[in-house]
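One structure is given below, encoded as structure tokens.
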Amino acid sequence: MIILGISEDFFDAGVTICNDDQILFMSNEERYTRRKNEGGFPYLSLENALKQTGLTWKDIEGVCVSGFVTPFPFFRLFPNLQKKAFVSRREKNQKSETYWNNITEWAVSYNPISYINPSEGMKKNLSIILRKIIRKRLPFLPPHIPIYFIEHHEAHAWGSYFCSGYDEALIVTADGMGDGLSLTVSKGQGNTVTRLWKSSAKSSFGLFFENLTEVLGFVPCRDEGKLTGLSAHGDANKIKDENPFSWDGDILLYKGPYGKKLRGWLLQLLSKYSREDLCAWSQSILEQTICSLIQYWLNKTGFKKVTVAGGVFANVLLNQRIHELQEVEELFVYPNMGDGGLSLGAICSQYQFYPKSLPHAFWGDCFSNDDIKTAIVKCGLPFKELDSQQIFSFIAECIYRKKIIARFYDKMEWGPRALGNRSILCDSTMRDITEKLNDMLKRSDFMPFAPALLDEDAEQFLVGYEKARHAAEFMTCCFQSTQKMKEQHEAVVHIDGTTRAQIVKKENNPTFYEILKHYKNLSGTSVVLNTSFNMHESPIVRTPEEALQTFIESGLDYLFLNNFVVAQIQNGVNDNGKHTE
Ligand SMILES: [Fe+2]
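Here the sequence shown stands for residues 734 to 1314, numbered as in this note's numbering.
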């Protein structure tokens, strides 16, 4: 049975196509519009999903859409308004309080509908209206095909539980807001998910961090990760003001102000404390609350495995604290943890699939060698085609010779991380590599880079990796670095000694595994620096043309597109594919 999943919201719109519980394709709108975390209805993702899978509208046998009152139905009715809302949220800053900023702020923070978690009766009635709206968006969908709606946090919960492969687990979801909620706890057993506890969007860590991001001059709903990076440079104990969140085992209470007033209060704090200390304080409040909540529910249910989803779990330090908890035997973090992952979650919830361990994240667009060759010839750079074994050893050799290379291979990653198919790779022992990469890619100097390494070597470099081994395949969790990691690979260790490592397994990522294996034979270590293939603030590259454009713009040394090696004009490649500079 071919099923289409759709997530549409202010942010991270996307689609999934499954054949029963087999995933065929997953992608997000940002990769097509080239605006990070693009919201609205995912028209382009849909078009590409059908193109990439070779399916037609006649093949679709069911449609699952996430959200009843998220996005706000008025915005759903007028998709252009939704786009405007996305842009206004994005461009929001202290200096420009535009008309649209105010409307969107009202819709998100003050509109009473935003805080309603629909009852079963409401869901039924809303489905009738929403079905009509969605059918209009899908004019080629045969009229007899059913369209189902799944509550926002239910979709988050099902997605993460399904991909964890656990037979039973505690499922925690946390975000800004979704269908009136910001935090839920559920138990997953077999192919059922039962909600145990929920918390209103009025007490939302996601919205708190969104406002703090804005106050610090970053882009809300995009740059929250920068706060995590900054928190390592600060001291939470320096903040003497009262923690606005409290949790008593039953109710999560937020006593602070909202919207403009919240930003005013945060600005006041910023006048007294450094941004680093403020970030460290916020991070510690988040960690303490979420960890206590998880400990409480693990003790209550007797479960040992935890799976998490929702934008709040993009926070890799929080995920580290969770897997380090004594009560946690294993942690899985949904690879596309934000709303970008709702399209798969909606399908899993509707059809109640039994959990299967997600093997990899390579579910996106793929281009033929002909497409790639045409793009290379068009851009006029020197290139060579090699066989697979030559390519693996040449990539390894380039990294060993301190070259910075980009790899564009087969299917694009789903979710925020580049895991080898749209990655920039280089030697992580180079002392000046952070400055060099920041300069080439126009990135922030306080954001740490991350390593990729072979699964069999992980124990030498990461403390306690076993508990988050599966999550680490998707680079969604930090680990404390061992002394060896700190001494040998300084470039991928953050100031607090943590590292957001990707573990590469032969069975799940065989070509990247081969490259690291070759690199280890040359250098004695399998640890390389792996960062996403994009310029700063842009989504990860999708097409060969975007890869070539980014390669030229950044001035990286070599670009590998499937079996083609491309050099900068001044370098060139000879008949063996070796560099000629
Ligand atoms: Fe969400």
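Quick reminder that beta carbons are idealized off the backbone N, C-alpha and C, glycines included.
- Gln755 and Gly1074 have their alpha carbons spaced roughly 16 Å apart.
- A direct Cα-Cα distance of roughly 36 Å separates Glu1278 from Ile880.
- When beta bridges are read from the DSSP output, Ala907 appears opposite Leu916.
- The alpha-carbon separation between Asp753 and Met734 amounts to approximately 5 Å.
- Between the alpha carbons of Tyr765 and Asn1052 lies a distance of about 30 Å.
- In the structure shown, the three-state DSSP call for Cys1159 is strand.
- Distance from the CA of Lys1253 to the CA of Ala1191, rounded to the nearest whole angstrom, comes to 13 Å.
- Remark: the shortest separation between the CB of Leu1158 and any heavy atom of ligand 1 does not fall under 8 Å.
- A straight-line Cα-Cα distance of about 43 Å links Gly911 and Asn1296.
- The residue among Pro804, Thr749 and Lys769 with its C-alpha nearest the C-alpha of Gly909 is Pro804.
- Here DSSP, grouped into helix, strand and coil, assigns Thr1209 to coil.
- Judged by DSSP secondary structure, Cys751 falls within the beta strand (DSSP E) whose first and last residues are Gly747 to Asn752.
- Taken in chain order, the unbroken stretches of alpha helix (DSSP H) that lie wholly in the segment 1136-1190 and span 4 residues or more are 1166-1174.
- Here Val952 carries a coil assignment [DSSP, helix/strand/coil].
- Secondary structure of Gly1074 (DSSP, three-state): helix.
- Taken through DSSP and simplified to helix, strand or coil, Gly795 comes out as strand.
- With 16 or more other Cβ atoms inside 10 Å of its own Cβ, Met759 counts as buried.
- Ranked by how close their Cα comes to the Cα of Glu1063, the residues Tyr1198, Glu887, Leu1294 and Ile739 have Tyr1198 in first place.
- Fewer than three beta-carbon pairs drawn from the segment 1074-1083 and the segment 1216-1226 are found closer than 8 Å, and the two stretches are therefore not classed as touching.
- Here Tyr1087 is exposed, its C-beta having fewer than 16 other C-beta atoms within 10 Å.
- Ranking Phe801, Leu1262, Ile836 and His966 by CA distance to the CA of Tyr1133 puts Leu1262 first.
- Less than 9 Å separates the beta-carbon of Ala907 from that of Phe1046.
- Taking C-beta atoms under 8 Å as the contact rule, Gly1044 and Gly1071 qualify, at a distance of about 4 Å.
- Ile1027 and Pro1272 have their C-alpha atoms spaced approximately 32 Å apart.
- Within the same chain, Cβ atoms closer than 6 Å to the Cβ of Lys816 are found at Gly773, the five residues on either side in sequence being excluded.
- Shown here for Leu777: same chain residues with a beta carbon closer than 8 Å to its own, the five before and five after excluded, namely Glu762, Tyr765 and Thr766 in chain order.
- In chain order, the residues positioned with their C-beta nearer than 6 Å to some heavy atom of ligand 1 are His885, His889, Asp908, Gly911, Gly1043, Gly1044 and Asp1072.
- Rounded to whole angstroms, the separation of the alpha carbons of Ile1302 and Trp1030 is 59 Å.
- Within a 10 Å sphere around the beta-carbon of Pro953 sit 16 or more other beta-carbons, which makes this residue buried.
- Linking Glu1286 to Gly997 through their CA atoms gives a straight-line distance of about 39 Å.
- Tyr991 carries a coil assignment under DSSP once its states are collapsed to helix, strand and coil.
- Shown here, Ile861 sits in a helix according to DSSP, grouped into three states.
- Where Trp930 is concerned, the enclosing beta strand (DSSP E) starts and stops at Thr925 to Ser933.
- The count of Cβ pairs closer than 8 Å, one atom from the segment 793-800 and one from the segment 870-890, reaches three, so the stretches are in contact.
- Annotation for Ala1201: His1056, Leu1064 and Cys1210 place their beta carbon closer than 6 Å to its own, counting only its chain and skipping 5 residues before and after.
- When secondary structure is reduced to three states using DSSP, Leu788 falls in the coil class, being assigned neither helix nor strand.
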